[in-house]
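169 is the number of the first residue of the sequence shown in the numbering used here; add one for each residue after it.
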Amino acid sequence: RDEPARFGKISLRPGMPLQSTMLDLSKLAASLFQVRGFQPNQLHDLKVDVAVLYDPAMHGTVDRPDLAGADPAQRAFLVMEGNKSSWHFDPTKDVAAVVQQAATDAKVRERDRAAIYSFAVHSTEVPMGEVNVPQASPGSAKRVAALAGAFYSADPDELAAEVSRLWPSSAGEKKPWRAAMVPHAGLKYSGGVAAAVLDRIEIPDTIIVIGPKHTRRGVEWAVSPHECWLIPGREIASNQELAQQLAERIPDLELDAGAHAREHCIEVELPLIARAAPAAKVVGIAIGGGDLDRCREFAEGLADVLRQRDERVLLLISSDMNHFANDSETRRLDELALAALDNHDPAALLSIVQENHISMCGVLPAVIVLETLERLQPIQEVERVAYATTADVTHDTSRVVGYAGMLFA
Numbered sequence: 169r170d171e172p173a174r175f176g177k178i179s180l181r182p183g184m185p186l187q188s189t190m191l192d193l194s195k196l197a198a199s200l201f202q203v204r205g206f207q208p209n210q211l212h213d214l215k216v217d218v219a220v221l222y223d224p225a226m227h228g229t230v231d232r233p234d235l236a237g238a239d240p241a242q243r244a245f246l247v248m249e250g251n252k253s254s255w256h257f258d259p260t261k262d263v264a265a266v267v268q269q270a271a272t273d274a275k276v277r278e279r280d281r282a283a284i285y286s287f288a289v290h291s292t293e294v295p296m297g298e299v300n301v302p303q304a305s306p307g308s309a310k311r312v313a314a315l316a317g318a319f320y321s322a323d324p325d326e327l328a329a330e331v332s333r334l335w336p337s338s339a340g341e342k343k344p345w346r347a348a349m350v351p352h353a354g355l356k357y358s359g360g361v362a363a364a365v366l367d368r369i370e371i372p373d374t375i376i377v378i379g380p381k382h383t384r385r386g387v388e389w390a391v392s393p394h395e396c397w398l399i400p401g402r403e404i405a406s407n408q409e410l411a412q413q414l415a416e417r418i419p420d421l422e423l424d425a426g427a428h429a430r431e432h433c434i435e436v437e438l439p440l441i442a443r444a445a446p447a448a449k450v451v452g453i454a455i456g457g458g459d460l461d462r463c464r465e466f467a468e469g470l471a472d473v474l475r476q477r478d479e480r481v482l483l484l485i486s487s488d489m490n491h492f493a494n495d496s497e498t499r500r501l502d503e504l505a506l507a508a509l510d511n512h513d514p515a516a517l518l519s520i521v522q523e524n525h526i527s528m529c530g531v532l533p534a535v536i537v538l539e540t541l542e543r544l545q546p547i548q549e550v551e552r553v554a555y556a557t558t559a560d561v562t563h564d565t566s567r568v569v570g571y572a573g574m575l576f577a
């Protein structure tokens, strides 16, 4: 093979056992040989190189590195941002060049959050390195219901009954709202808030649900590539043409099934969407890290795509509010964020959430949607529809999550 197979395991804590780690990596290599159909008589042609890294040390971030005294002739350098990483050992380059190469290979997007580490190294090959960056995967045509039985009932009849219980008893006045925010916890906790919001919307043929990534799987910003979503007893179509357009126009957004495989922020909304608009198509986007500038780039691309469409598209923010404070503190913190949403001020929202350590998981999706709406047409109306915490169901006020439902026009 032109491209060498690489197997590695890195720990930032000292004490990783060398012998058992080498055995585990050798087993992985043997499995690969078996899959590729290697024969015993081919093994003598293999070239095997080994690098042993030890004595980890921190060196700040890519944005603010502290590399004084770090010797590239003696140490390898690792750059990590989220679930992306790359390490390099190259004594022929200066330390800044080695770190920059690692950052480039790790596809660093936020330099102030990309950490630098170094290791003492013994290597049979120079230069040496490894890149660990998730690759987008196409997946299957149908995205299976990964969280059925956990966040909601896996039985179709029980699920339908649960959604009916959550639905408002009297229909609210419906309007063609441009965007909305709904929570995504277990249906029994947050479904009532989400149902109250969806019941107020004249839902168009297509919905784009944008929520936060809760797992480390897949790429950082992922639009679902699947043809449809499965939930118990139902199949909900996606809009693959629109998904492709979004991936082509929005920087860093990729079609990736991996990021959606176990993600619940979109799946939990599907039974409610199926009740509110059975024929609507759902495009799902999961957002990992980001900052205000990147959110604005995303919004610019999303707005461009939406401008080219004749029909209206509903933008649905999937987000819970603060997590795991007591009930009174959760309500206080949530009110700070909700006030920024009332004022449709995305920069203030992000700043308030960060400065007050509000664990609003979907703050970046909310910023993206607000920025997108303002680019298309200034927001004229905001309405708070509902608010609750888990204490409304459990009656335990000691540790709760907040849920808010909002509409934007």
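All residues carry an ideal CB built from backbone N, CA and C; glycine is no exception. Nothing here was measured: the structure is a model prediction, and the numbers come from that model.
Taken through DSSP and simplified to helix, strand or coil, V276 comes out as coil. Between A219 and S291, the C-beta gap is smaller than 8 Å, which places the two residues in contact. When C-beta atoms of the stretch 453-461 are compared with those of the stretch 383-396, three or more pairs fall below 8 Å, so the two segments count as touching. DSSP, reduced to helix, strand and coil, places G360 within a helical segment of the structure shown. For secondary structure counted as the alpha helix (DSSP H) over 4 or more consecutive residues, the stretch 267-327 holds no complete run. Fewer than three pairs of CB atoms, one per stretch, sit closer than 8 Å, so the stretch 520-539 makes no contact with the stretch 409-426.
Judged by their CB atoms, V436 and S406 are not nearer to each other than the 8 Å cut-off. Every beta strand (DSSP E) of 3 residues or more that sits fully in the stretch 495-566 is shown, in chain order, as 550-557.
If you draw a 10 Å sphere on the C-beta of N511, you find fewer than 16 other C-beta atoms in it, and that means exposed. Assignment of A444 by DSSP, reduced to helix, strand and coil, places it in the helix class. Within the stretch 422-487, the complete beta strand (DSSP E) segments at least 3 residues long are 449-455 and 481-486, listed from N- to C-terminus. Nearest neighbour of S337 by Cα position, chosen from R346, A313, A425 and D367, turns out to be D367. In this model, A427 and A572 are separated by some 25 Å (Cα to Cα). Its chain contains V331 and W335 as the residues whose beta carbon lies nearer than 7 Å to that of R443, once the 5 sequence neighbours on both sides are disregarded; these appear in chain order.
The C-alpha of E539 is placed about 29 Å away from the C-alpha of L355. Apart from sequence neighbours up to five positions away, the residues of its chain that approach P240 with a beta-carbon distance below 7 Å are D258, P259, K261, D262, V263 and V266, ordered along the chain.
One Cα belongs to E326, the other to R311, and the distance between them is close to 21 Å. Within the stretch 344-390, the runs of beta strand (DSSP E) at least 3 residues long that lie entirely inside it are, in chain order, 347-350 and 374-380.
Between the stretch 359-373 and the stretch 494-513 there are fewer than three inter-stretch CB-CB distances shorter than 8 Å, so the stretches are not counted as touching. Residue burial annotation: S308 is exposed, with fewer than 16 other C-beta atoms found within 10 angstroms of its C-beta. K252 sits in a strand when the DSSP states are folded into three classes.
Assigned with DSSP and collapsed to three states, P208 falls in helix. No Cβ-Cβ contact shorter than 8 Å links H382 with E341. Apart from sequence neighbours up to five positions away, the residues of its chain that approach N300 with a beta-carbon distance below 6 Å are S253, ordered along the chain.
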